[in-house]
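In terms of this note's numbering, the sequence shown is numbered consecutively and its last residue is 323. We treat Cβ as the ideally placed atom computed from N, Cα and C, and that holds for glycine. Here the structure is a predicted model, which means the values were calculated and not measured. Here the structure is laid out as structure tokens; the discussion comes afterwards.
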Amino acid sequence: MPFPTHRPRRLRASDSLRRLVRETRLNPAQFILPLFVCPGQGVKREIGAMPGNYQMSIDNLVGECAEVQSLGIGGVILFGLPESKDELASGAYADDGIVQQAIRAVRQETHDLLIMTDVCNCEYTSHGHCGFVKDGEVDNDTTLQWLAKTALSHARAGADIVAPSDMMDGRVGAIREALDANGFERTSILAYAAKFASVFYGPFREAADSTPQFGDRRSYQMDPANGREAMKEIALDLEEGADMIMVKPALPYLDLIRQARDRFDVPVAAYQVSGEYSMILAAARNGWLDCERAMMESLTSIARAGAGIILTYFSKPAARLLA
Ligand code: PBG
């Protein structure tokens, strides 16, 4: 008879017991904080839909990165808001582009902070799509050349990890080839491998000013219904040379984080995206749930599902709580 011999409640009786038997533990070292860098001096503009997150000029970004490092957070991922946008996304791969300048400045001030960059074009194109638009469609193979140039320019500026988020076919291979051909064989690639066309990116598009001016991203980002296809995308990115892979968003796709963890022996990252963050904040501001607990429960769930790396806008408050 399992009961009364077995009483699982025995191990839940006190905080010290619960702590002893806890299966999933969070560590700030596994967090990556997304940051938005913009032109100017002394700029720190709060993003309306993402309270507690800012568009920052480089001078402020450097200070922010120093704080991130002092909290023991794993690293940052940089997104850029260029001075101007055009049809060719030239701001994305310019050697003196906003992200390239930011990397150099942060690198100079905070020597061993991990700097990751988002490699994509949507913040840099006048139409807000993630690549070259030809006849109303995003042209895959032309876009690969932009992505390779962008990743290379980030590596040149000092990025440790480049993270392509565009979902073009073949981008990881194109980026690996460009990096290796130019002596950056030590720069690693975190592929946004299973990235879904998600409504939860809504607040980010305000943060990065990257809303598509026509249509949507469903011809390149994945259909939320497709789990098997996600495994195929991951396998392809690994074959092309990705060092680490990501599932994005996180909470609505925990099943895929788990499948990825079980199938592939590489570091698995998950991106708790802007909408996941903003929903918790909005509910908390209404007094509908406790922000700290929702933050920790969601992060714990993402880790329990199998993500060793979590990109999250909660990096700082979570790190403070864990200290
Ligand atoms: C760029 C990119 C996006 C996000 C990360 N990289 C937006 C998009 O694909 O529309 C979303 C991040 C977030 O919502 O926090 N393509």
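Bridge partner(s) assigned by DSSP for serine 188: DSSP output for serine 188 lists Ile161 as bridge partner(s).
DSSP beta-bridge partners for leucine 35? Leu78
Whole angstroms is fine: what's the gap from alanine 151's alpha carbon to threonine 300's? 31 Å
Rounded to whole angstroms, what's the CA-CA distance from valine 43 to methionine 56? Just pull it up for me. 5 Å
Given a cut-off of 8 Å on the beta-carbon distance, is the pair isoleucine 73 and phenylalanine 31 in contact? yes
Tell me which same chain residues have a C-beta within less than 6 Å of the C-beta of aspartate 243, skipping the five on either side of it? Ser188, Ile189
DSSP three-state call for leucine 71: helix, strand or coil? coil
Same chain, Cβ closer than 8 Å to aspartate 290, five either side skipped, listed in chain order: Ala284
Does the beta carbon of cysteine 38 fall short of 7 Å from some heavy atom of ligand 1? no
So, using beta-carbon positions, are glycine 158 and proline 203 closer together than 8 Å? no
Should valine 99 be counted as a contact of ligand 1 given a C-beta to heavy atom distance under 7 Å? Valine 99: no, Cβ never under 7 Å from ligand 1.
Per DSSP, which one or two residues make a beta bridge with alanine 270? Partner residues in the beta bridge of alanine 270, as assigned by DSSP, are Val247, Ile310.
Write down the C-beta distance between threonine 24 and alanine 303 rounded to the nearest angstrom, noting that I regard them as a contact closer than 8 Å. The Cβ separation is near 5 Å, so the contact holds.
Under the three-state DSSP convention, the category leucine 26 falls into: coil
Beta-bridge partners of tyrosine 54, as assigned by DSSP: Glu46
Check whether the Cβ atoms of tyrosine 220 and methionine 167 lie closer than 8 Å to each other. yes
Which of the three DSSP states, helix, strand or coil, is assigned to leucine 114? Of the three classes helix, strand and coil, the one that applies to leucine 114 here is strand, per DSSP.
For tyrosine 201, verify whether its CB is less than 7 Å away from any heavy atom of ligand 1. yes
Tell me whether alanine 122, by its Cβ, gets closer than 7 Å to a heavy atom of ligand 1. The sequence shown places cysteine at residue 122, not alanine. Answer for cysteine 122: yes, Cβ within range of ligand 1.
Leaving out five residues before and five after valine 172 in sequence, what residues of the same chain have Cβ atoms less than 7 Å from its Cβ? Pro164, Ile189, Ala191, Asp237, Glu240, Gly241, Ala242
Among the candidates Phe196, Arg217, Ile234, whose CA atom is the shortest distance from the CA of aspartate 223? Phe196
Out of Gly170, Phe200, Leu311, His154, point me to the one whose CA is closest to arginine 186's CA. When each option's Cα is compared against that of arginine 186, the closest is His154.
According to the neighbour-count rule (16 or more other Cβ atoms, all chains shown, within 10 Å of its Cβ), is glutamine 108 buried or exposed? Glutamine 108 is classed as exposed because its beta carbon has fewer than 16 other beta carbons within 10 Å across all chains shown.
Closest by CA to alanine 235, which one among Glu292, Ala305, Val268? Of the candidates Glu292, Ala305, Val268, the one whose C-alpha sits nearest the C-alpha of alanine 235 is Val268.
Per DSSP, threonine 125 is paired with what? Asp86
Same chain, Cβ closer than 8 Å to glutamate 177, neighbours up to 5 away in sequence not counted: Ala148
Rounded separation between aspartate 265 and alanine 193 - CA only: Rounded to the nearest angstrom, the two C-alpha atoms are 15 Å apart.
DSSP on aspartate 180, reduced to helix/strand/coil? helix
Counting only the same chain and skipping the five closest in sequence on each side, list residues whose C-beta sits under 7 Å from that of proline 39. Ser57, Glu83, Ile98
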